[in-house]
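Undergrad:
4 protein chains.
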Amino acid sequence: MCRWLAYSGSPILLEELLYKPVHSLIDQSQHSRMGVETTNGDGFGVGWYGLDEAPSLPGTRRSDEPVLFRGVGPAWGDQNLRELARSTSSGLFLAHIRASTGTPVQQSNCHPFRHGRWLWVHNGAIRDFSVLKRDLVMAVDPELYPFMAGSTDSEVMFFLALTFGLHEDTIGAVERMAGFVEAVGRAHGVDEPLQMTVATTDGERLWGFRYSSIGQSRTLYVSTALSTLRQMYPDNPVFSELDDETRIVVSEPLGDLKGAWNPVPESSFGIVEAGDDTLGRFQPREP
Amino acid sequence: MCRWLAYSGSPILLEELLYKPVHSLIDQSQHSRMGVETTNGDGFGVGWYGLDEAPSLPGTRRSDEPVLFRGVGPAWGDQNLRELARSTSSGLFLAHIRASTGTPVQQSNCHPFRHGRWLWVHNGAIRDFSVLKRDLVMAVDPELYPFMAGSTDSEVMFFLALTFGLHEDTIGAVERMAGFVEAVGRAHGVDEPLQMTVATTDGERLWGFRYSSIGQSRTLYVSTALSTLRQMYPDNPVFSELDDETRIVVSEPLGDLKGAWNPVPESSFGIVEAGDDTLGRFQPREP
Amino acid sequence: MCRWLAYSGSPILLEELLYKPVHSLIDQSQHSRMGVETTNGDGFGVGWYGLDEAPSLPGTRRSDEPVLFRGVGPAWGDQNLRELARSTSSGLFLAHIRASTGTPVQQSNCHPFRHGRWLWVHNGAIRDFSVLKRDLVMAVDPELYPFMAGSTDSEVMFFLALTFGLHEDTIGAVERMAGFVEAVGRAHGVDEPLQMTVATTDGERLWGFRYSSIGQSRTLYVSTALSTLRQMYPDNPVFSELDDETRIVVSEPLGDLKGAWNPVPESSFGIVEAGDDTLGRFQPREP
Amino acid sequence: MCRWLAYSGSPILLEELLYKPVHSLIDQSQHSRMGVETTNGDGFGVGWYGLDEAPSLPGTRRSDEPVLFRGVGPAWGDQNLRELARSTSSGLFLAHIRASTGTPVQQSNCHPFRHGRWLWVHNGAIRDFSVLKRDLVMAVDPELYPFMAGSTDSEVMFFLALTFGLHEDTIGAVERMAGFVEAVGRAHGVDEPLQMTVATTDGERLWGFRYSSIGQSRTLYVSTALSTLRQMYPDNPVFSELDDETRIVVSEPLGDLKGAWNPVPESSFGIVEAGDDTLGRFQPREP
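As given, the protein sequences belong to chains U, B, Z and H, one line each in that order. Numbers 1 to 287, taken from our numbering, label the letters of the first sequence in order. Numbers 1001 to 1287, taken from our numbering, label the letters of the second sequence in order. Numbers 2001 to 2287, taken from our numbering, label the letters of the third sequence in order. Numbers 3001 to 3287, taken from our numbering, label the letters of the fourth sequence in order.
1) I'd like to know if H:V3067 contacts chain Z, where contact means its C-beta is closer than 8 Å to some C-beta of that chain.
2) Straight-line CA distance for U:C110 to Z:G2073?
3) Considering only the beta carbon of each residue, do Z:M2001 and Z:G2050 sit closer than 8 Å?
4) In chain order, what residues of the same chain lie with their CB nearer than 8 Å to the CB of B:E1175, ignoring the 5 residues before and after it?
5) With distances taken from CA atoms, which of Z:L2132, Z:S2130, Z:F2159 is nearest Z:P2142?
6) On the criterion of 16 or more Cβ atoms from any shown chain inside 10 Å, does H:V3046 qualify as buried, or is it exposed?
7) For Z:Q2106, go through chain H and note every residue whose CB falls closer than 8 Å to its CB, in chain order.
8) I need the boundaries of the alpha helix (DSSP H) containing Z:T2039, first residue and last residue.
9) Which ranges would you report for the beta strand (DSSP E) in the stretch 208–268 of chain U if only whole runs of at least 3 residues count?
10) So B:L1132 and B:I1126 are supposed to be a Cβ contact under 8 Å. How far apart are they, rounded?
11) Hey, quick one: how far does the beta strand (DSSP E) through H:T3200 stretch, first residue to last?
12) Since H:G3043 meets chain Z, which of its residues come closer than 8 Å, beta carbon to beta carbon?
13) With distances taken between CB atoms, is the gap from H:P3287 to H:F3164 smaller than 8 Å?
14) Is the stretch 3245–3257 of chain H touching the stretch 3006–3023 of chain H, taking contact as three or more C-beta pairs under 8 Å?
15) Could you check where the beta strand (DSSP E) with U:S24 kicks off and where it finishes?
16) Please state whether the Cβ-Cβ distance between H:W3207 and H:N3123 is less than 8 Å.
17) Cβ closer than 7 Å: which chain Z residues qualify as neighbours of H:G3150?
18) By the DSSP assignment, the beta strand (DSSP E) with B:R1281 in it spans what residues?
19) So who's on the other strand from H:H3115, going by DSSP bridges?
20) Can you give the Cα-Cα distance for B:Y1221 and B:V1250, rounded to whole angstroms?
21) Contact criterion: CB-CB distance below 8 Å. Does H:S3024 meet it with respect to chain B?
22) Taking contact to mean at least 3 C-beta pairs separated by less than 8 Å, is the stretch 2007–2018 of chain Z in contact with the stretch 2097–2111 of chain Z?
23) Restricting to Cα atoms, I'd like to know which of U:R86, U:G150, U:T103 is closest to U:P11.
24) Does DSSP classify H:Y3049 as helix, strand or coil?
25) Excluding the 5 residues preceding and the 5 following B:L1242 in the sequence, name in chain order all residues of the same chain whose CB lies nearer than 7 Å to its CB.
26) Reducing DSSP to helix, strand and coil, say where H:A3149 ends up.
27) Using only the alpha-carbon positions, how far apart do H:D3169 and U:D191 sit?
28) With DSSP collapsed to three states, give me the class of U:G77.
29) I think H:T3152 touches H:T3103, with their Cβ atoms under 8 Å apart; what is that distance to the nearest whole Å?
30) If distances are taken between C-alpha atoms only, which option among B:L1014, B:W1048, B:L1162, B:D1128 comes closest to B:R1082?
31) State the start and end residues of the unbroken beta strand (DSSP E) segment that holds U:S10.
32) Sort U:V137, U:L25, U:P265 by Cα distance to U:Q291 and report the nearest one.
33) Looking at the structure shown, is U:G124 part of a helix, part of a strand, or coil, going by DSSP?
34) Measuring only the C-alpha atoms, how far is Z:T2038 from U:V105?
35) What residues from chain Z crowd round B:M1157, counting only those whose CB sits closer than 8 Å?
36) Who does B:F1093 pair with in a DSSP beta bridge?
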């Protein structure tokens, strides 16, 4: 299984979500309440987009790519993650804690996965993945194929989405990926193979998805709009500081504050972007 | 054995010294030229002092401590280090690659060691350390004792220096530590026990030391003053960018540029600070 | 916290206890029922005494020491442990899964600890260990001091017991260790510091201990005598195969078989050896 | 790059070849003399076939598969490998130390690779593997495809050989694999892609291969026949103990004993089996 979170908004230290909340992601690595397992100790990862550029020396270019930090041990004990989280700020980041559904515990199987400026995290699984894997992998664009480093269904889903146009039509690409996985499942006699919550981002916008073939998906929540939270909690200094664009999408709520967390419906997508955010219906398509 | 580097000056990306030079620290992890071993693959670490503060949420305080990132695998293959180095800038940092002299390979035995705002790296060893260890450790201030997390001679040397006044009289404290190690050695029939190059910093000034009881110390180099380098290489764009305070202290030169690297003499200390830097004679003292 | 098991009897594959029971030690690494935490994912270890000698080449001597295998990752995902367990047989072994009580996750902090032919595992903690550590460590025999490789209270307890005569008077040595820990606690204003279940063995006999200063100790169970189990379950083929000496001591039962598991009383020790086994009262002593 | 060794003969402790010789495999992990790199610190592995069966409990079957132990850290520092090697005997084992040629350092990328009773180690590389990988992987039998766990060229070569009949016609299968790799290379404009020394075994016989498209292969040596060694060194007690079938195949000699090591010619295969061993010419074939 797994748990993940995605943040977009005013720059904050990573530790504000990874460690500090009463039910932070680190807490969820040992005491997940809504997951298949309470423990998510098979690795972790964070991907973030940097803030200001530090001065560069002549002849050097700072990379546009998000930074990736992934470890194979349990998140709860990782000292380097603790150090990073207390010293790194970002206005857009994805974090993930892993419970393997069968593939090896190794850094190349930790989320987020990255390709260019894109990041991807996934909670769920493709049922009977070992039976379907070859057909799924073969549908990945041959130009993209060499970039798949691990052995997870999650990574294959990402690269199928990239193949089906994640850059140009993000929602459509993920819908085509879902449709393709279900079609391959049918071809192999595997019913209702797909179970997914997914977050993906290109460094500007953040997309969240909640879907399963069986119609009973892993949990997913989105935070209430900041403007509403400020009205509900006018004395809360944190809400006063964060800008209106701030949004958190997360497998399970980071705390118990009333009215702060909203379940994302089954078969839905959401877009977090400048201005209004969108919630819409997710429907697998023919690829 | 080990190799280390210390940088103080204009903020630069860590990768400028860790990865980019022809004989970078990462290169030295596999192809050290001047060390006891060519390979330094028993872990690594970087400690750095941050630049600007990112905005903090109300009620939070950003820590003053330097950030520490240490790994137990060989530095040459660590993906997280690569990511960190290309995305982290600092005007003051220490980095170290380890070749164990007998104690276990574990994160708590990787340098830099940190205490409060202080960082410490060491190349060398205390001969017959297992014989001398108890007496050395017992001389560490009992208030400091619980902070020793590992089992290396390097860490004990740091905590002895802290005990002997590293905060108030840095040179004197390290001289007293060296004198004490040699005295304990004599008491146990271990002649000429100490072999060390050391860098330590409090986030403002940077001290380097080169000393061995036997008078044949591990190599140590300091970079030529930037003002001189600009005269020698007026077309070099990097030298034009770096400020006059910039100084690198390193176990072995990062490259072959003529006139850029100067051996630190035997039994010496150096201070890198605002204004003129100092080179002086290092002499172990009675503690 | 932690969980452990100790086996003495007919040689069996390690997997028979580590993996196969419904509530095996590996299951307990994720779903401990009686521990402080459900998860014990901060490392693991097994120590076993070998069976027959394989032919040796001239000039070689097979070591008498038990074999030690310790890993820093969660036991549930360790492929090497799985391989080892399905291919290694022993008539006497200790296994342990760790939940750190504050000290680093590293191999030198995993149990069992070994010294000569002795192995030691511990579940529990010394309260305020960082305050008491220096006095405890200083009481370890200086000849033994260099052999302490890690930073746990568990290891210090082992070396104190060795100092107080573990070889010659095992029960007495552990009682003196317990008394000393409590005395040092009193001297520092730490009441009721000791919490322990311990197993230790010299390759011949196996000792188990259950004691806490507070009188509410971590759980400990011992298996019913094989002769009795055979009477209770005459059709059970496993019980027919195992010899009468076979005994398992374990933090929590490996399964739910009625009458197979017996709680070890508070403040008790047990000795598993050829012939009758012993259960007696454990009382801390002045060292 | 990499180094490996294969042993077949009288059962010996693994440490006899892994640790004890003057230029043991562990020594080669830091001081390889004949390899591309002196350091092979990107993981290691050993696969061995067990000796006698320990008593099994009713209802259990000991697996026929060889045991596999693989670690991601440098072999020279691995404590578990040291323990295993001093306590494990085998009459047939393969061991490997890795220097990555580009793919991640992870356990699933360590050799030996295993499938059923087969083990496989490889030194060398497929040039421009990322360009050729998709076509190579697609030629693997779909029934075997799900068993590929890693991302190395070495593992793909193994599974291609399995696809081309490794069980039934071992030499032919490896020749067909080599021919296929070269054909795919040509199709993508990659000349002379294959560089390989390989050892593979089914638990009965041991095959060694030395071939490269370019005709300049990595080094490979085979030990002199025991009967001859006994004549050359009549006072050597080790040679008296080992049976006539004993043979070592190795990337570079484990020591300097005159006449003990024989280079395997370019484009050769060897079979180590009961009775006479075979050396023959290796020629890639159309698959």
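Each residue gets a CB set at the ideal place from its N, CA and C atoms; glycine is no exception. Keep in mind it's a predicted model, so treat the numbers as computed, not measured.
TA: The answer reads as follows:
1) yes
2) 15 Å
3) Remark: C-beta atoms of Z:M2001 and Z:G2050 do not approach each other more closely than 8 Å.
4) F1282, Q1283, P1284, R1285
5) Shortest Cα-Cα distance from Z:P2142 to any of Z:L2132, Z:S2130, Z:F2159 involves Z:F2159.
6) buried
7) Within chain H, no residue comes near Z:Q2106; the closest Cβ sits about 11 Å away, beyond 8 Å.
8) Where Z:T2039 is concerned, there is no enclosing alpha helix (DSSP H), given that its DSSP letter is neither H nor E.
9) 221–223, 247–250, 261–263
10) 6 Å
11) 3194–3201
12) Going along chain Z, no residue has its Cβ under 8 Å from H:G3043, so there is no contact; the nearest lies around 12 Å.
13) yes
14) yes
15) Note, U:S24: premise wrong, no beta strand (DSSP E); not H, not E.
16) no
17) Here the premise fails: no neighbours, minimum Cβ distance about 12 Å.
18) Its beta strand (DSSP E) spans residues 1278–1281.
19) H:W3118
20) 5 Å
21) No - not a single Cβ of chain B is within 8 Å of the one on H:S3024.
22) no
23) Of the candidates U:R86, U:G150, U:T103, the residue whose Cα lies closest to the Cα of U:P11 is U:R86.
24) coil
25) G1009, S1010, L1226
26) coil
27) The straight-line gap from Cα to Cα measures roughly 39 Å.
28) helix
29) 5 Å
30) B:L1014
31) 2–13
32) No statement about residue 291 of chain U is possible, as the shown extent of chain U runs from 1 to 287 and does not include it.
33) strand
34) 21 Å
35) Simply none; closest approach about 17 Å.
36) B:Y1007, B:W1048
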